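The structure appears below as C-alpha coordinates.
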Amino acid sequence: MTRSAGRKPNRQPRSKRARRHRYGWFDLLPCLEIAALWAWGSLFLKYWLSGQLRLLIHPNYIWLVVLTGILLLLVAWLKLSQFIARKSLARVENGNSAAEMSPLSSIPQNWSVGILLVTAALGLVLPPTVLASRMALQRGVSESLPLTRTQPQSFRASIQPEERSLVDWVRTFDAYPEPDAYLGQPVRIEGFVIHVPELPEDYLLLARFLVTCCAVDAYPVALPVKIDGSRQAYPPDTWLEVIGEMSVDTLPSLAVGSRAQRDRRQAIVAAHSLETIPTPDDPYNFER
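Numbering (our numbering), first residue to last: 6 to 293.
Structure below.
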(Lines of atoms letter the chains of each structure in order from A; the text may use other names.)
(Lines give C-alpha, C1' and ligand atoms only; values in the text may rest on other atoms or scores of the structure.)
Protein backbone atom coordinates (compact mmCIF):
# COMPACT_ATOMS: atom_id res chain seq x y z
CA MET A 6 0.00 0.00 0.00
CA THR A 7 1.58 3.24 -1.07
CA ARG A 8 1.76 6.38 1.11
CA SER A 9 -0.26 8.30 -1.42
CA ALA A 10 -3.25 6.00 -0.86
CA GLY A 11 -3.70 7.34 2.71
CA ARG A 12 -3.49 10.98 1.79
CA LYS A 13 -6.59 13.19 2.01
CA PRO A 14 -7.82 14.74 -1.19
CA ASN A 15 -6.34 18.14 -1.91
CA ARG A 16 -8.48 21.11 -0.87
CA GLN A 17 -10.01 23.26 -3.55
CA PRO A 18 -7.74 25.98 -4.80
CA ARG A 19 -8.00 29.24 -2.91
CA SER A 20 -9.15 31.08 -6.03
CA LYS A 21 -12.30 28.91 -6.28
CA ARG A 22 -13.26 29.69 -2.68
CA ALA A 23 -12.64 33.34 -3.38
CA ARG A 24 -14.94 33.25 -6.40
CA ARG A 25 -17.77 31.91 -4.29
CA HIS A 26 -17.34 34.80 -1.85
CA ARG A 27 -16.88 37.33 -4.61
CA TYR A 28 -20.09 36.38 -6.38
CA GLY A 29 -22.05 35.67 -3.19
CA TRP A 30 -21.85 37.54 0.11
CA PHE A 31 -19.62 40.37 -1.07
CA ASP A 32 -22.10 41.42 -3.75
CA LEU A 33 -24.63 42.36 -1.07
CA LEU A 34 -23.02 45.52 0.30
CA PRO A 35 -22.50 47.39 -2.99
CA CYS A 36 -26.00 46.42 -4.12
CA LEU A 37 -27.47 47.79 -0.88
CA GLU A 38 -25.46 51.00 -1.23
CA ILE A 39 -26.65 51.54 -4.80
CA ALA A 40 -30.26 50.79 -3.85
CA ALA A 41 -30.12 53.17 -0.85
CA LEU A 42 -28.69 56.01 -2.95
CA TRP A 43 -31.31 55.47 -5.63
CA ALA A 44 -34.15 55.26 -3.07
CA TRP A 45 -33.19 58.47 -1.24
CA GLY A 46 -32.68 60.39 -4.48
CA SER A 47 -36.05 59.19 -5.76
CA LEU A 48 -37.70 60.07 -2.43
CA PHE A 49 -36.45 63.67 -2.51
CA LEU A 50 -37.59 64.16 -6.10
CA LYS A 51 -40.95 62.46 -5.44
CA TYR A 52 -41.68 64.82 -2.54
CA TRP A 53 -40.70 67.78 -4.72
CA LEU A 54 -42.82 66.76 -7.72
CA SER A 55 -45.84 65.96 -5.54
CA GLY A 56 -45.58 69.21 -3.57
CA GLN A 57 -45.20 67.28 -0.31
CA LEU A 58 -41.76 68.74 0.30
CA ARG A 59 -43.42 71.90 1.65
CA LEU A 60 -44.74 69.79 4.52
CA LEU A 61 -41.19 69.03 5.59
CA ILE A 62 -38.99 72.01 4.80
CA HIS A 63 -39.04 75.77 4.27
CA PRO A 64 -39.54 76.74 0.59
CA ASN A 65 -36.23 78.64 0.67
CA TYR A 66 -34.39 75.31 0.97
CA ILE A 67 -36.35 73.24 -1.52
CA TRP A 68 -33.78 73.83 -4.26
CA LEU A 69 -31.10 72.32 -2.02
CA VAL A 70 -33.16 69.15 -1.47
CA VAL A 71 -33.86 68.83 -5.21
CA LEU A 72 -30.16 69.26 -6.02
CA THR A 73 -29.28 66.63 -3.40
CA GLY A 74 -31.79 64.20 -4.92
CA ILE A 75 -30.31 64.64 -8.40
CA LEU A 76 -26.77 64.15 -7.07
CA LEU A 77 -27.77 60.99 -5.21
CA LEU A 78 -29.25 59.50 -8.39
CA LEU A 79 -26.08 60.40 -10.32
CA VAL A 80 -23.87 58.79 -7.66
CA ALA A 81 -26.09 55.68 -7.69
CA TRP A 82 -25.72 55.44 -11.49
CA LEU A 83 -21.92 55.86 -11.26
CA LYS A 84 -21.64 53.22 -8.54
CA LEU A 85 -23.78 50.83 -10.58
CA SER A 86 -21.53 51.34 -13.62
CA GLN A 87 -18.42 50.73 -11.52
CA PHE A 88 -19.97 47.63 -9.96
CA ILE A 89 -20.81 46.13 -13.36
CA ALA A 90 -17.31 46.93 -14.63
CA ARG A 91 -15.66 45.30 -11.59
CA LYS A 92 -17.78 42.18 -11.99
CA SER A 93 -16.79 41.87 -15.64
CA LEU A 94 -13.11 42.41 -14.81
CA ALA A 95 -13.24 39.87 -11.97
CA ARG A 96 -14.60 37.17 -14.26
CA VAL A 97 -11.77 37.78 -16.69
CA GLU A 98 -8.90 38.03 -14.21
CA ASN A 99 -10.31 35.47 -11.77
CA GLY A 100 -8.64 37.34 -8.90
CA ASN A 101 -8.70 36.25 -5.30
CA SER A 102 -8.52 39.52 -3.40
CA ALA A 103 -11.97 38.93 -1.92
CA ALA A 104 -10.72 35.80 -0.18
CA GLU A 105 -8.70 37.95 2.21
CA MET A 106 -11.90 39.60 3.51
CA SER A 107 -14.08 38.15 6.23
CA PRO A 108 -17.82 38.16 5.54
CA LEU A 109 -18.42 38.95 9.21
CA SER A 110 -16.48 42.22 8.95
CA SER A 111 -19.06 43.76 6.60
CA ILE A 112 -22.17 42.83 8.61
CA PRO A 113 -22.38 46.13 10.60
CA GLN A 114 -22.05 48.16 7.42
CA ASN A 115 -24.67 46.02 5.70
CA TRP A 116 -27.06 46.66 8.58
CA SER A 117 -26.58 50.44 8.53
CA VAL A 118 -27.05 50.66 4.76
CA GLY A 119 -30.04 48.34 5.03
CA ILE A 120 -31.69 50.61 7.61
CA LEU A 121 -31.22 53.60 5.30
CA LEU A 122 -32.77 51.64 2.46
CA VAL A 123 -35.79 50.55 4.52
CA THR A 124 -36.33 54.11 5.77
CA ALA A 125 -36.33 55.49 2.23
CA ALA A 126 -38.66 52.71 1.06
CA LEU A 127 -41.15 53.59 3.81
CA GLY A 128 -40.95 57.23 2.75
CA LEU A 129 -41.79 56.26 -0.82
CA VAL A 130 -44.86 54.32 0.33
CA LEU A 131 -46.11 56.45 3.25
CA PRO A 132 -46.80 60.15 2.56
CA PRO A 133 -45.72 62.78 5.11
CA THR A 134 -48.47 63.96 7.46
CA VAL A 135 -49.39 67.49 8.46
CA LEU A 136 -48.47 68.52 12.00
CA ALA A 137 -51.65 68.68 14.06
CA SER A 138 -53.10 69.35 17.51
CA ARG A 139 -51.30 66.58 19.37
CA MET A 140 -47.91 67.87 18.27
CA ALA A 141 -49.00 71.44 19.06
CA LEU A 142 -49.91 70.46 22.62
CA GLN A 143 -46.64 68.59 23.05
CA ARG A 144 -44.60 71.60 21.91
CA GLY A 145 -46.69 74.13 23.83
CA VAL A 146 -49.30 76.41 22.28
CA SER A 147 -48.94 80.15 22.75
CA GLU A 148 -50.75 83.30 21.67
CA SER A 149 -47.40 85.07 21.19
CA LEU A 150 -44.09 84.44 19.48
CA PRO A 151 -41.00 83.51 21.51
CA LEU A 152 -38.33 86.19 21.70
CA THR A 153 -36.01 84.22 19.44
CA ARG A 154 -38.61 84.31 16.64
CA THR A 155 -40.00 87.81 17.00
CA GLN A 156 -39.09 89.77 13.88
CA PRO A 157 -40.14 93.44 14.06
CA GLN A 158 -39.73 93.89 10.32
CA SER A 159 -42.43 91.25 9.76
CA PHE A 160 -45.09 93.33 11.54
CA ARG A 161 -47.24 95.33 9.13
CA ALA A 162 -49.32 97.95 10.94
CA SER A 163 -50.96 99.14 7.71
CA ILE A 164 -52.71 95.85 6.95
CA GLN A 165 -56.49 95.95 7.31
CA PRO A 166 -57.91 93.93 10.25
CA GLU A 167 -60.11 91.73 8.03
CA GLU A 168 -57.06 90.89 5.90
CA ARG A 169 -54.89 89.71 8.79
CA SER A 170 -54.13 86.03 9.00
CA LEU A 171 -53.98 84.24 12.32
CA VAL A 172 -50.22 84.74 12.42
CA ASP A 173 -50.64 88.45 11.53
CA TRP A 174 -52.89 88.85 14.56
CA VAL A 175 -50.31 87.15 16.77
CA ARG A 176 -47.63 89.52 15.48
CA THR A 177 -49.96 92.47 16.08
CA PHE A 178 -50.50 91.44 19.70
CA ASP A 179 -46.75 91.06 20.13
CA ALA A 180 -46.19 94.60 18.87
CA TYR A 181 -49.03 96.18 20.85
CA PRO A 182 -50.39 93.83 23.55
CA GLU A 183 -53.36 95.93 24.67
CA PRO A 184 -56.52 93.83 24.13
CA ASP A 185 -59.00 96.70 24.43
CA ALA A 186 -57.40 98.43 21.43
CA TYR A 187 -58.83 95.75 19.12
CA LEU A 188 -62.43 95.65 20.34
CA GLY A 189 -64.88 95.29 17.48
CA GLN A 190 -62.28 94.87 14.73
CA PRO A 191 -63.38 92.38 12.03
CA VAL A 192 -61.63 89.01 11.92
CA ARG A 193 -61.34 86.40 9.17
CA ILE A 194 -58.82 83.66 9.96
CA GLU A 195 -58.10 80.02 9.17
CA GLY A 196 -56.49 77.32 11.28
CA PHE A 197 -56.92 73.91 12.88
CA VAL A 198 -58.85 73.20 16.06
CA ILE A 199 -57.25 72.42 19.41
CA HIS A 200 -59.22 71.52 22.54
CA VAL A 201 -57.74 72.71 25.84
CA PRO A 202 -59.46 71.47 29.03
CA GLU A 203 -58.55 74.65 30.93
CA LEU A 204 -60.77 76.76 28.66
CA PRO A 205 -64.59 76.92 29.00
CA GLU A 206 -66.62 74.52 26.88
CA ASP A 207 -67.65 77.30 24.50
CA TYR A 208 -64.02 78.07 23.63
CA LEU A 209 -61.61 76.39 21.25
CA LEU A 210 -58.17 77.31 20.01
CA LEU A 211 -57.52 78.02 16.35
CA ALA A 212 -53.87 77.36 15.59
CA ARG A 213 -51.19 77.43 12.90
CA PHE A 214 -47.59 76.23 12.83
CA LEU A 215 -44.72 78.61 12.10
CA VAL A 216 -41.72 77.07 10.31
CA THR A 217 -38.26 78.65 10.22
CA CYS A 218 -36.24 75.87 8.59
CA CYS A 219 -38.09 72.56 8.63
CA ALA A 220 -40.95 70.75 10.35
CA VAL A 221 -38.65 69.80 13.24
CA ASP A 222 -38.53 73.43 14.44
CA ALA A 223 -42.22 74.18 13.77
CA TYR A 224 -43.76 76.33 16.50
CA PRO A 225 -47.54 76.49 17.14
CA VAL A 226 -49.38 79.76 17.77
CA ALA A 227 -53.10 80.04 18.47
CA LEU A 228 -55.97 82.37 19.25
CA PRO A 229 -58.93 81.59 21.54
CA VAL A 230 -62.25 81.54 19.71
CA LYS A 231 -65.57 81.91 21.52
CA ILE A 232 -68.35 79.96 19.80
CA ASP A 233 -72.06 79.39 20.27
CA GLY A 234 -72.54 75.97 21.82
CA SER A 235 -69.96 73.33 22.65
CA ARG A 236 -66.56 72.91 21.04
CA GLN A 237 -67.30 69.18 20.76
CA ALA A 238 -69.06 70.02 17.49
CA TYR A 239 -65.60 70.77 16.05
CA PRO A 240 -63.20 67.86 16.68
CA PRO A 241 -59.47 68.50 17.12
CA ASP A 242 -57.50 68.91 13.86
CA THR A 243 -60.58 70.15 11.99
CA TRP A 244 -59.66 73.07 9.74
CA LEU A 245 -61.99 76.05 10.10
CA GLU A 246 -62.50 79.44 8.56
CA VAL A 247 -63.71 81.73 11.34
CA ILE A 248 -65.43 85.05 10.68
CA GLY A 249 -66.17 87.31 13.62
CA GLU A 250 -64.79 90.23 15.57
CA MET A 251 -62.28 90.89 18.30
CA SER A 252 -63.49 90.91 21.86
CA VAL A 253 -61.95 90.67 25.33
CA ASP A 254 -62.32 88.06 28.06
CA THR A 255 -60.47 86.78 31.11
CA LEU A 256 -59.08 83.32 30.40
CA PRO A 257 -56.23 81.06 31.50
CA SER A 258 -52.94 81.72 29.76
CA LEU A 259 -52.45 79.77 26.52
CA ALA A 260 -49.00 78.62 27.62
CA VAL A 261 -50.12 75.00 27.48
CA GLY A 262 -47.79 72.74 29.43
CA SER A 263 -46.73 75.53 31.77
CA ARG A 264 -47.28 74.89 35.48
CA ALA A 265 -47.81 78.60 36.18
CA GLN A 266 -51.13 79.05 34.42
CA ARG A 267 -53.10 82.07 35.57
CA ASP A 268 -56.16 83.93 34.39
CA ARG A 269 -55.55 87.14 32.50
CA ARG A 270 -57.45 89.60 30.39
CA GLN A 271 -56.76 88.97 26.71
CA ALA A 272 -58.09 89.46 23.20
CA ILE A 273 -60.34 86.70 21.88
CA VAL A 274 -62.21 86.07 18.65
CA ALA A 275 -65.99 86.18 19.01
CA ALA A 276 -67.09 83.93 16.14
CA HIS A 277 -70.09 84.86 14.03
CA SER A 278 -69.66 81.94 11.62
CA LEU A 279 -67.47 78.85 11.46
CA GLU A 280 -67.01 76.88 8.26
CA THR A 281 -65.17 73.60 7.90
CA ILE A 282 -62.55 73.78 5.14
CA PRO A 283 -60.12 71.24 3.63
CA THR A 284 -56.55 71.13 4.89
CA PRO A 285 -54.70 73.80 2.85
CA ASP A 286 -51.94 72.83 0.44
CA ASP A 287 -49.67 75.06 2.55
CA PRO A 288 -50.80 74.38 6.13
CA TYR A 289 -47.79 76.14 7.67
CA ASN A 290 -46.72 79.75 7.86
CA PHE A 291 -43.09 80.19 6.88
CA GLU A 292 -40.75 82.70 8.51
CA ARG A 293 -38.80 84.90 6.14
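We put the CB at the ideal spot given by N, CA and C, even for glycine.
Small disclaimer: the values here were computed from a predicted structure and weren't measured.
Counterpart residues of residue i in DSSP-defined beta bridges
i: Met251; result: Val274
i: Leu256; result: Arg269
i: Val192; result: Gly249
i: Leu131; result: The partner list for Leu131 (beta bridge, DSSP) is empty, contrary to what the question assumes.
i: Trp244; result: Phe197
i: Tyr289; result: Phe214
i: Leu209; result: Val230
i: Cys219; result: Ile62
i: Thr281; result: Leu245
i: Ser147; result: Val226
Cα-Cα separation between residue i and residue j, rounded to whole angstroms
i: Leu215; j: Ile194; result: 15 angstroms
i: Leu228; j: Leu122; result: 42 angstroms
i: Thr124; j: Tyr52; result: 15 angstroms
i: Leu210; j: Trp45; result: 38 angstroms
i: Gly249; j: Ile120; result: 51 angstroms
i: Gln143; j: Leu58; result: 23 angstroms
i: Val274; j: Val247; result: 9 angstroms
i: Thr284; j: Leu33; result: 43 angstroms
i: Trp43; j: Ala137; result: 31 angstroms
i: Ile67; j: Val130; result: 21 angstroms
i: Pro257; j: Asp268; result: 4 angstroms
Host alpha helix (DSSP H) of residue i (start-end)
i: Pro229; result: Here Pro229 belongs to no alpha helix (DSSP H); instead the beta strand (DSSP E) covers 224-231.
i: Leu142; result: 138-144
i: Val172; result: 171-180
i: Ala238; result: Taken as a continuous stretch (DSSP letters only), Ala238 belongs to no alpha helix (DSSP H), as it is neither H nor E.
i: Gly56; result: Per DSSP, Gly56 belongs to no alpha helix (DSSP H) and is neither H nor E.
Residue range of the unbroken beta strand (DSSP E) whose run includes residue i
i: Leu60; result: Where Leu60 is concerned, there is no enclosing beta strand (DSSP E), given that its DSSP letter is neither H nor E.
Helix, strand or coil at residue i according to DSSP, with G and I counted as helix
i: Thr124; result: helix
i: Pro166; result: helix
i: Leu204; result: coil
i: Glu38; result: helix
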